[in-house]
Amino acid sequence: MQTKPLHNNNLNFAGLPTSFNLCNLVSPIHKMLEARLEQADLLKKVVDAIKDLVQDCNFDCNDSGIALQAMDNSHVALVSMMLKAESFSPYRCDRNVALGVNLTSLTKVLRAASSEDILTIKAEDAPDVLNLVFESSESDRLSEYDLKLMDIDQEHLGIPDTEYAATISMPSADFRKICQDLMLLSESVSIEATKDGVKFTCAGDIGNGAVTLRSHTNVDKPDLNVDIELTEPVSLTFSLKYLVNFCKAAGLSKSVKLCLSNEVPLLVEYALAGNSYLRFYLAPKIGDDE
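If you use the UniProt record's numbering, the sequence shown closes out at 290, no skipped numbers anywhere.
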């Protein structure tokens, strides 16, 4: 007898024998993608950091891992994420596939997961849904959700390797505080890197603000280190609204790397475990935009 899939709304359980197993109602499914994260918190924080910049995007899956690249609507900012296969255990992807997801919808599903839950992502061959399973690490609770996928025609941009004139590594919490504090005064911030350090300055209707950082090494607390590598002085102006948005990723990494060169987009990078990363690119303001 052919069984109907569990998600059919016309299922009728009346008359089933007491020994009947619900698993018998589910048709065998060939899983093409299966990726297990020890902590759902990682994906929750990644999605939360980018959902206000990008609404719909493709998760590009291949044997190397799960990647995402998308621009905001104004084409001022670009987000690039890579969760390498090593970040998952196990990880399996039988062929390349793009999973089109609405991030607001994904956020709603991820809210059902506790931060410590184990998250398994699954997809069939030619999928129309993304299957997410949350396993409690402390109890036998198992939650399963299917998220409808979208067909998203998304241009994939080649990001050239750039030799940056200045690279600043600093605590991510400090960068977030600087951006949030200066945004109270102005819509824009100038970032100037010289041999004396890096200076964040802004000017607004109610006054001006400036924060200067110099290279600093804390042997006891290396997370507080500030490292500045400079080949030539750089000074660029950026929108604080976008930078504050990027700083939502501060919970993913204790440090952040800023890479600057004149007339090219700023790179803001948060390093994740297993050589994975979340990167943001932001075009500088030019002339009358400043």
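Even glycine gets a Cβ: it sits at the ideal position worked out from N, Cα and C.
Just so you know, these numbers come straight off a predicted model, no measurement behind them.
So which of Lys-285, Tyr-242, Phe-246 and Leu-185 has the shortest CA-CA distance to Lys-45? Your numbering for residue 45 matches position 45 in the sequence shown. Comparing Cα positions, the closest option is Phe-246.
Are the CB atoms of Leu-240 and Cys-179 within a distance shorter than 8 Å? Locating residue 179 in the sequence shown gives position 179, where the first residue counts as 1. Locating residue 240 in the sequence shown gives position 240, where the first residue counts as 1. In this structure, Leu-240 lies closer than 8 Å to Cys-179 by Cβ.
Which first and last residues belong to the beta strand (DSSP E) in which Tyr-270 is found? Walking along the sequence shown from the start, residue 270 turns up at place 270. 266 to 271 is the span of the beta strand (DSSP E), which, as asked, contains Tyr-270.
Whole-Å CB distance - Ile-228 paired with Gly-197, under 8 Å assumed: Position 228 of the sequence shown, counted from the start, is the residue given in the question as residue 228. Position 197 of the sequence shown, counted from the start, is the residue given in the question as residue 197. About 7 Å; that satisfies the 8 Å criterion.
Can you tell me which residues form a DSSP beta bridge with Ser-105? Numbered from 1 along the sequence shown, position 105 holds the residue referred to as residue 105. None, per the DSSP bridge assignment.
Helix, strand or coil for Arg-95, going by three-state DSSP, please let me know. Numbered from its first residue, the sequence shown carries residue 95 at position 95. Note: Arg-95 maps to coil in three-state DSSP.
Report the three-state DSSP secondary structure of Asn-9 (helix, strand or coil). As a first step, residue 9 is located in the sequence shown; it is residue number 9 there, counting from the start. Because Asn-9 carries a pLDDT of 43, less than 50, the predicted location of this residue cannot be relied on, and the following value inherits that uncertainty. Of the three classes helix, strand and coil, the one that applies to Asn-9 here is coil, per DSSP.
So if DSSP puts Glu-232 in a beta bridge, which residue, or which two residues, is it bridged to? Here residue 232 corresponds to residue number 232 of the sequence shown, with the count starting at 1. Glu-232 pairs with nothing; no bridge assigned.
Under 8 Å, do Ile-118 and Glu-34 count as touching if we go by C-beta distance? Reading the sequence shown from its first residue, position 118 is the one you call residue 118. Reading the sequence shown from its first residue, position 34 is the one you call residue 34. No, the pair does not count as a contact, with Cβ atoms beyond the cut-off.
Secondary structure of Ser-136, DSSP reduced to three states: One-based indexing of the sequence shown puts residue 136 at position 136. In this structure, Ser-136 counts as coil in the three-state DSSP scheme.
Compare the beta carbon distance of Ser-137 and Glu-116 with 8 Å and say whether it is the shorter of the two. Here residue 137 is taken as the residue at index 137 of the sequence shown, counted from 1. Here residue 116 is taken as the residue at index 116 of the sequence shown, counted from 1. Closer than 8 Å, so yes.
Using beta-carbon positions only, say whether Ala-49 and Leu-252 come within less than 8 Å of one another. For the purposes of this step, residue 49 is identified with residue 49 of the sequence shown, where counting begins at 1. For the purposes of this step, residue 252 is identified with residue 252 of the sequence shown, where counting begins at 1. Result yes, Cβ atoms of Ala-49 and Leu-252 sit closer than 8 Å.
Residues near Ser-19 in its chain [Cβ-Cβ closer than 8 Å; skip 5 each side]: Residue mapping note: residue 19 aligns to position 19 of the sequence shown, counting from 1. Any reading at Ser-19 must be qualified, since the residue scores a pLDDT of 44, below 50, and its modelled position is unreliable; the value itself is stated next. Excluding positions up to five away in sequence, the list is empty.
N- and C-terminal bounds of the beta strand (DSSP E) containing Ser-172: For the purposes of this step, residue 172 is identified with residue 172 of the sequence shown, where counting begins at 1. No beta strand (DSSP E) contains Ser-172, which is instead part of the alpha helix (DSSP H) from 172 to 183.
Ala-193 versus Leu-213, Phe-59, Phe-238 and Ser-105, residue with shortest Cα-Cα distance: Here residue 193 corresponds to residue number 193 of the sequence shown, with the count starting at 1. Of the candidates Leu-213, Phe-59, Phe-238 and Ser-105, the one whose C-alpha sits nearest the C-alpha of Ala-193 is Leu-213.
Short Cβ contact (8 Å threshold) for Ala-70 with Cys-57: The residue you call residue 70 lines up with position 70 of the sequence shown. The residue you call residue 57 lines up with position 57 of the sequence shown. Closer than 8 Å, so yes.
Helix, strand or coil, according to DSSP, for residue 293 in the structure here? The structure shown does not extend to residue 293, since the chain is modelled only from 1 to 290, so the question has no answer here.
By a C-beta neighbour count over all protein chains shown, 10 Å radius and 16 as the cutoff for buried, is Gly-65 buried or exposed? One-based indexing of the sequence shown puts residue 65 at position 65. With at least 16 other beta carbons inside 10 angstroms of its own, Gly-65 counts as buried.
At which residues does the beta strand (DSSP E) containing Leu-78 begin and terminate? Against the sequence shown, residue 78 aligns to sequence position 78. Run containing Leu-78: 77 to 84, per the beta strand (DSSP E) assignment.
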